[in-house]
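A quick write-up on the structure given underneath.
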Amino acid sequence: VTFPGLYAMIAKRHMYEYGTTREQIAQVAVKNHENGLLNPDAQFQRKITLDNVLNAPPVAEPLTMLDCSPISDGAAALILCPLEKARDYTDKIVRIKGSGQASDSLALHGREDLCTFMSTVKAAEMAYKQAKIKPEDVDVAEVHDCFTIAEILAIEDLGFVKKGKGGKAVEEGLTTLDGDLPVNTSGGLKAKGHPVGATGVAQVVEIVKQLRGEAEKRQVKDANIGLTHNVGGSGASCVVHILEAM
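Counting from 34, one number per residue, gives the positions in the sequence shown under the working numbering.
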């Protein structure tokens, strides 16, 4: 089974279990392309509509081409150093406040719940505990939206909304730039691009820009705590980082 096929099965199950609509799933792509328009480093800097997504060539029902992130060329880099040395390099320090890493069965049939990535749940729990914060303390997040349904699962499994409420949250604008929790301000994998090995680092770069107030037109007001969420193997592994401006 291909990755689009796996996520298509997840999408159909989420729609069946929770009443998530096709339009709610497609809205993730629309929102992330709007953010990509504001990111000069994004691969796709063009607006798309709900109709564009729904009527794009089918890939794996219910997902169309515009529900899928591209595989991109790209690179990202960070400088890590001891906290006491950070002032030698910058006046805008961002520290790693918490991290978590977890894994799960690669095979979907080996999981108890098709609509929950336990690797994300466990990694997030570890990161929140280490950072001594709760999901509601996060101001901005970059999550692994390899497919539109993946972003909906992510905001549920990270504890931002209750399980099954992700689609409704997207529809109501919770995750837009001016929403209560902006998600994928870079444009996400969907619009910013997915250079695979560089993707997780690129997510951290975006959050660092947000916490330093350097995200220009896509800047989230008063962003102090950010989260990154990177997944491998359709949820077989997950890394969550929580970053804080100092």
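For every residue, glycine included, the Cβ atom is placed at its ideal position computed from N, Cα and C.
Put residue i into one of helix, strand or coil per three-state DSSP.
| i | result |
| --- | --- |
| I188 | helix |
| S152 | helix |
| E249 | helix |
| E94 | coil |
| L272 | Per the sequence presented here, residue 272 reads as Val, with Leu not at that position. DSSP places V272 in strand when its eight states are reduced to three. |
| T205 | Just to set this straight, residue 205 is Glu in the shown sequence, not Thr. Three-state DSSP puts E205 in coil, outside helix and strand. |
| L214 | coil |
| N263 | strand |
| I81 | coil |
| I258 | strand |
| V241 | helix |
| A174 | strand |
| A89 | coil |
Near residue i, what residues of its chain come up, given a Cβ to Cβ distance below 6 Å and the 5 sequence neighbours on each side ignored?
| i | result |
| --- | --- |
| R55 | P95 |
| I185 | G199 and G200 |
| A108 | A231 |
| C271 | A135, S152, T153, A156 and V264 |
State buried or exposed for residue i, treating a residue as buried only when at least 16 other CB atoms are found within 10 Å of its CB.
| i | result |
| --- | --- |
| G268 | buried |
| C114 | exposed |
| L139 | exposed |
| E249 | exposed |
| D172 | buried |
| L116 | exposed |
| N72 | buried |
| H177 | buried |
| D255 | exposed |
| E169 | exposed |
| F77 | buried |
| G226 | buried |
| T82 | exposed |
| K162 | exposed |
| G206 | exposed |
| T123 | exposed |
| V273 | buried |
| P90 | exposed |
Taking residue i as the reference, which of the options has the closest Cα?
| i | options | result |
| --- | --- | --- |
| C179 | S102, S219 and Q243 | S102 |
| Q252 | E169, K130 and G220 | G220 |
| L70 | M159, K242 and N217 | N217 |
| E277 | D211, G233, A164 and A235 | A164 |
| V194 | C271, T149 and T232 | T149 |
| Y51 | T82, A93 and K196 | K196 |
| K223 | I188, E205, V273 and A183 | A183 |
| K80 | E158, L260, M151 and H66 | H66 |
| A187 | S152, G38 and T209 | S152 |
| V92 | A41, D190 and L214 | A41 |
| N257 | M279, N68, L214 and V273 | M279 |
| L244 | Q57, V264 and I275 | I275 |
| L39 | R144, A89 and G133 | R144 |
| H262 | T208, G133, G246 and D213 | G133 |
| D106 | I129, G212 and A75 | A75 |
For residue i, I'd like the list of residues in its chain whose CB is within less than 7 Å of its CB, leaving aside the five on either flank, ordered along the chain.
| i | result |
| --- | --- |
| V86 | A59, A62, V63, T97, L99 and D100 |
| E192 | The question names Glu, yet the displayed sequence has Gly at residue 192. Excluding residues within five positions, the ones whose Cβ falls inside 7 Å are A157 and P168. |
| I104 | H227 and V229 |
| E204 | Q57 and Q60 |
Once the 5 residues before and after residue i are set aside, which same chain residues still bring their CB inside 8 Å of it?
| i | result |
| --- | --- |
| K242 | A248 |
| L111 | V234, V237, V238 and V241 |
| R46 | L147 and C148 |
Every unbroken beta strand (DSSP E) inside the stretch 105-148 [3 residues or more]: 127-136
Within the stretch 36-78, ranges of the alpha helix (DSSP H) (whole runs, at least 4 residues): 36-51 and 55-69
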